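S.K.: Residue numbers (my numbering): -2 to 690.
Beta carbons are placed, not taken as given, at the ideal position from N, Cα and C, and that holds for glycine.
None of these values were measured; they are calculated from a predicted model.
Below is a structure I'd like to ask you about.
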DNA sequence: GATCCTCGAGTTCC
DNA sequence: CTCGAGGATC
């Protein structure tokens, strides 16, 4: 039965009123009615929607009480990456930032938008045709988690923008919790015997990551917008200050403390004022954010790595606390590195209780002159990693209190060496060291490597200690009986782990190479290697000496071409220089290592790298062959290109990507020069295919 | 040879 | 997140 007109109109009216009051409360910070009145409106709407479910629109404020719990969050790829900002910790850093901007702008004074830096969680909201459809956490900047259901419960986030914006419109901002709401929440948690949060930021993070949105709905989260992501063809202002005003007009909460300032003097004055007003603000901030106001200038400045050159986060000095070094212990890492860590008397600093801090290496300890029993100043560097800043007051300093790097590995007893010119001391036990075997396994299983879910520290400890697993290859031989003999591993957990191990078969070659844990080979280098070689076999058979030579040749060639103003040739394995080549050659030169990798590859069966083999560096690229090639017949060349995913055609056009030219080329070569198509010789082709000769 | 940038490695707490 | 070192560039 459809709802009577009267009810329909009333529901619509209520929705408008409620959103209006949300706006007054959360955006304008100027409520017009009492909370009780607001609740009455909401309850009336709820009851109407109960009677006539057809009235319950997807953007209804009643939805804000939270829907059904989720099993897990799904991943959301950000249409535009969510970047992080460069940090400034001193006025000098800010002066340098302003100087770089002015130099690039060719101006004597630049206008900036200055805003508070909220201590919350960055999120991205997507509106379609003005209606909220999805919200995601920042994640790693490229991919975040879909927390839409939780964000719907955040009343400061409008479900509908106050303008008919067609298409996609992404808003970027921060989810946070007011200090008073945080205190009240902890009060409730304590009363209910549940865990209390260390600070508002953690409370906000914990609330946003709830799988049950009804819990989030009770958590009084706020939101503040500070920018946009993908905005389609929405017509927007061309300065940051005006953009923020526009976001406010659209019904989004925007920091009141935002301001347009001029020059470095303006930035620093803003910073000081903000620092002064900080204690009186209802929420935590950890600094100021400066953005070049003019978007054209922003674009001109561009990006360095993952951070924009046109913006800066000016952090407040980290909070410091004083505590005592109870002991200095040593940990053994995957590469055998012995890392000293200070065990501290627990101390509350920067929102959490810190009990230990890394001391990096021996030199660092000497530089800071740290002894067991010293009273030291501790802070959380960059708000995360605890750091021992300096000695506050020396302890008794008996001879035994001085730190000495052990001569033998505390885990396996092998000799410890510190190579000339290196900062770290290493255990020489290698594979014989249980600590290194454990770390190697954890590295192998970690998410960015083979991603074996559930294989964590506790489990690896047991597997290694009981000698059930020595190397990663052994993982693939585990049986359910093996696993069930372990602590806390009954039928179900064992099954899950076996499934997870099985699921790690067929991972991309790049991950596999990364998972091997070869010194100096991280995620990026592993990817480069995978793209270059395509298969485990090719990787194992590589002739590193020849490669190094070709790299040198190519570098010389490129230098020569550059002098002549010609286009540079593609490079071979960018990012892999002499050091890495040597280290790889040595590692893969050892028969033992090659055998282990072969056995592991047979068990884990990594997938050949598509960009080198199937699609090729050539994925769909169009080739034309002309002239006689030194080693290949035309048919062989065609076959080679096609096997790597390229196409070979007969005539040169604007669609042609490469012309492969041999001796006595025809008119096709002239035509290629004319249109500016890239020309390769046979060697160039092989390079493209990632093949050594 | 100097300088800037990127990547790897180690790390803390919830 | 930070530090150090390798790699690229001028």
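1. Are there three or more Cβ pairs, one per stretch, closer than 8 Å when the region 492 to 508 is compared with the region 593 to 603?
2. Going by DSSP, what residues sit across from residue 311 in a beta bridge?
3. Work out the CA separation of residue 359 and residue 468 for me, nearest whole Å.
4. So the alpha helix (DSSP H) residue 459 belongs to, where does it begin and stop?
5. Using the Cβ count rule (16 or more neighbours within 10 Å means buried), how would you classify residue 69?
6. What residue range does the alpha helix (DSSP H) around residue 600 cover?
7. In its own chain, which residues sit with a C-beta less than 6 Å from the C-beta of residue 339, not counting the 5 before and 5 after it?
8. Is residue 124 helix, strand or coil by DSSP?
9. I need the straight-line Cα distance from residue 457 to residue 658, nearest angstrom please.
10. Would you grab the beta carbon distance between residue 319 and residue 389 for me? Rounded to a whole angstrom, and I think it's under 8 Å.
11. For residue 158 and residue 226, which I take to be in contact (beta-carbon distance under 8 Å), what is that distance rounded to the nearest angstrom?
12. Between which two residues does the beta strand (DSSP E) carrying residue 389 extend?
13. Given residue 210, which residues of its chain have a CB within under 6 Å of its CB, disregarding the five upstream and five downstream residues?
14. Is residue 164 helix, strand or coil when you go by DSSP?
15. List the DSSP bridge partners of residue 353.
16. Count the other C-beta atoms from every protein chain shown that fall within 10 angstroms of the C-beta of residue 15, then say buried if there are 16 or more, exposed otherwise.
17. Decide if residue 24 is buried, meaning its Cβ has at least 16 other Cβ atoms within 10 Å, or exposed.
18. Are the CB atoms of residue 109 and residue 290 nearer to each other than 7 Å?
19. Measure the C-alpha to C-alpha separation of residue 426 and residue 332 and round it to an integer number of angstroms.
20. Residue 577 and residue 517 - do their beta-carbons sit closer together than 7 Å?
21. Threshold first: 3 residues or longer. Then list the beta strand (DSSP E) segments lying entirely within the region 412 to 484, N to C.
22. In terms of residues, what are the limits of the beta strand (DSSP E) holding residue 620?
23. Between residue 118 and residue 205, which are expected to be in contact by the criterion C-beta below 8 Å, what is the C-beta distance as a whole number of angstroms?
24. Would you tell me roughly how many angstroms separate the C-alpha atoms of residue 53 and residue 42, rounded to the nearest one?
25. So residue 222 and residue 80 are supposed to be a Cβ contact under 8 Å. How far apart are they, rounded?
26. How close, in whole Å, do the beta carbons of residue 396 and residue 440 come, if the pair is a contact with beta carbons under 8 Å?
27. Please go through the same chain and pick out, in chain order, the residues whose beta-carbon is closer than 7 Å to the beta-carbon of residue 523, but skip the five residues on each side of it.
28. In angstroms, rounded to a whole number, what distance separates the CA positions of residue 57 and residue 153?
29. Starting from residue 524 and walking both ways along the alpha helix (DSSP H), at which residues does that stretch end?
30. What whole-angstrom Cβ distance do residue 521 and residue 572 have, given they're in contact under 8 Å?
M.R.: Quick answer:
1. yes
2. 85 and 285.
3. Their Cα atoms are separated by approximately 30 Å.
4. From DSSP, the alpha helix (DSSP H) with residue 459 extends over 454 to 462.
5. Residue 69 comes out exposed.
6. 588 to 601
7. 322, 325, 354, 356 and 385
8. strand
9. 55 Å
10. About 5 Å; that satisfies the 8 Å criterion.
11. With 8 Å as the limit, residue 158 and residue 226 do not qualify as a contact, their Cβ atoms being about 14 Å apart.
12. Where residue 389 is concerned, the enclosing beta strand (DSSP E) stretches over 382 to 390.
13. Beyond the five residues adjoining it in sequence on each side, residue 210 comes within less than 6 Å, by CB distance, of 63, 64, 146, 147 and 150 in the same chain, given in chain order.
14. coil
15. According to DSSP, residue 353 bridges with 340.
16. buried
17. buried
18. yes
19. 10 Å
20. When the beta-carbon positions are compared, residue 517 and residue 577 come within less than 7 Å of each other.
21. As far as the region 412 to 484 is concerned, its whole beta strand (DSSP E) runs of at least 3 residues are 422 to 424.
22. 619 to 623
23. 6 Å
24. 9 Å
25. The Cβ separation is near 16 Å, so there is no contact.
26. Not a contact, Cβ separation roughly 38 Å.
27. 507, 510 and 511
28. 14 Å
29. 520 to 530
30. Rounded, the Cβ-Cβ distance is 7 Å, consistent with contact.
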